[in-house]
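The working numbering applies: residue 2 is where the sequence shown begins, and numbers increase by one.
See below for the structure under consideration.
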Amino acid sequence: MLKLENLSRHFGGIRAVDQLNLEVHAGEILGLIGPNGSGKSTTVNLITGVYAPTAGSLIFKGANIAGDSANQRIERGIARTFQNIRLFNNLPVWKNIWAAQVVRESGWQGLKQRWFASASEARGKTLDLLAFGDLSHKADLLAGNLAFGEQRRLELIRAVASGADLLLLDEPAAGMNAEEIDDLNQRIRQLKNAGKTILLIEHHMELVMDVCDRIAVLNFGQKIAEGTPSEVQDDPHVQAAYLGDDSTEPA
Ligand SMILES: Nc1ncnc2c1ncn2[C@@H]1O[C@H](COP(=O)(O)OP(=O)(O)O)[C@@H](O)[C@H]1O
Ligand SMILES: [Mg+2]
Numbered sequence: 002m003l004k005l006e007n008l009s010r011h012f013g014g015i016r017a018v019d020q021l022n023l024e025v026h027a028g029e030i031l032g033l034i035g036p037n038g039s040g041k042s043t044t045v046n047l048i049t050g051v052y053a054p055t056a057g058s059l060i061f062k063g064a065n066i067a068g069d070s071a072n073q074r075i076e077r078g079i080a081r082t083f084q085n086i087r088l089f090n091n092l093p094v095w096k097n098i099w100a101a102q103v104v105r106e107s108g109w110q111g112l113k114q115r116w117f118a119s120a121s122e123a124r125g126k127t128l129d130l131l132a133f134g135d136l137s138h139k140a141d142l143l144a145g146n147l148a149f150g151e152q153r154r155l156e157l158i159r160a161v162a163s164g165a166d167l168l169l170l171d172e173p174a175a176g177m178n179a180e181e182i183d184d185l186n187q188r189i190r191q192l193k194n195a196g197k198t199i200l201l202i203e204h205h206m207e208l209v210m211d212v213c214d215r216i217a218v219l220n221f222g223q224k225i226a227e228g229t230p231s232e233v234q235d236d237p238h239v240q241a242a243y244l245g246d247d248s249t250e251p252a
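Have a look at this one:
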């Protein structure tokens with residue numbers, strides 16, 4: 002579904018992403034892990050069009066999307082959540098969802114045109130997703146007034162509302178307690194069962210190992226391992242990247 006070929010993004014002398022080859026297959030949950038600063042968020046930003054690549058290409062459903070704007074990529078079916086939650090805090094919960102639905106149906110221009118459409122009709126479109134996110138009872142609250150875990154749920158269903166078939170989740174478990182992570186685990190599985198393809202960037206290893214079909218590991222912008230959760234867990238390169246490796250230094 003998505004193929005990154007020799008993808009690089011440098012910031013001055015920093016090779017945030019360095020000749021990355023990565024494939025996300027339709028219908029899978031692919032984990033992308035790596036220590037802090039290893040290039041995970043930059044990879045998401047390259048896929049979503051926040052950054053242009055320094056080199057390399059991005060193929061989505063067979064088309065090269067490297068020249069597409071961020072909005073064009075959303076319209077093609079790529080949606081994301083942010084490491085730091087970004088919602089329309091001053092809009093009701095339901096309207097956050099509705100906005101994503103309208104962009105999917107009629108683009109950003111359509112959203113502007115329909116902004117003042119009948120609220121009851123607009124709100125009605127969001128009921129199923131509100132229920133899916135267990136947010137029906139919070140529909141009319143301002144998004145900024147939701148509890149933290151609820152805001153994360155809203156971000157997730159907003160990504161679903163955009164109609165995307167590829168969801169990029171950037172550290173969705175960050176700041177969550179064990180119960181919330183359990184709930185997130187179930188939701189990610191439900192999305193997969195509903196046919197979504199998921200790229201999960203996450204620090205929380207229990208979640209990643211439990212929910213992912215495959216995992217790719219980054220270190221200093223490069224892919225150092227890829228495989229099933231147990232293959233990756235047993236890989237000495239991965240252990241060295243996380244624990245720090247002194248074994249290559251002269252005694
Ligand atoms: N906009 C930017 N300008 C300069 N350096 C950046 C920028 N974004 C990321 N970096 C650097 O690129 C590297 C990878 O960052 P990032 O992709 O955020 O890592 P991760 O998400 O894996 O923690 C880090 O060294 C970071 O400081
Ligand atoms: Mg990050």
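We put the beta carbon where it would ideally sit given N, CA and C, even for glycine.
C-alpha distance - residue i paired with residue j, whole-angstrom precision
i, j, result
"V94", "W116", "15 Å"
"V18", "V45", "10 Å"
"G50", "R10", "12 Å"
"H205", "A132", "26 Å"
"S248", "I15", "For S248, the predicted model reports a pLDDT of 47, less than 50, meaning its position is unreliable; a value from the coordinates is still stated below. The straight-line gap from Cα to Cα measures roughly 25 Å."
"A162", "N91", "19 Å"
"Q114", "K224", "44 Å"
Minimum C-alpha distance to residue i - residue among the options
i, options, result
"K4", "S58, L157, T49", "S58"
"K193", "L23, R16, A27", "A27"
"A174", "S163, N91, A165, E156", "E156"
"N306", "L208, L201, L31", "A query on residue 306 cannot be resolved here, the shown segment of the chain reaching from 2 to 252 and no further."
"I86", "Q187, L170, Q114", "L170"
"A118", "G35, I216, A100, F83", "A100"
"L23", "D211, G228, Q110, G145", "G228"
Three-state secondary structure assigned by DSSP to residue i
i, result
"L112", "helix"
"A252", "For A252, the pLDDT reaches just 41, beneath the cut-off of 50, and the residue's location in the model is therefore unreliable, although a value from the coordinates is still provided. Of the three classes helix, strand and coil, the one that applies to A252 here is coil, per DSSP."
"D129", "helix"
"F61", "strand"
"G245", "coil"
"K224", "strand"
Beta bridge counterpart(s) of residue i as assigned by DSSP
i, result
"S9", "A56"
"G134", "The partner list for G134 (beta bridge, DSSP) is empty, contrary to what the question assumes."
"I202", "L33, D171"
"E232", "E232 is not bridged to any residue."
"K4", "E24, I60"
"I79", "L167"
Element boundaries [alpha helix (DSSP H), containing residue i]
i, result
"I48", "41-49"
"L185", "179-194"
Continuous beta strand (DSSP E) stretch holding residue i: start and end
i, result
"I158", "That residue, I158, is in no beta strand (DSSP E); its alpha helix (DSSP H) goes 149-162."
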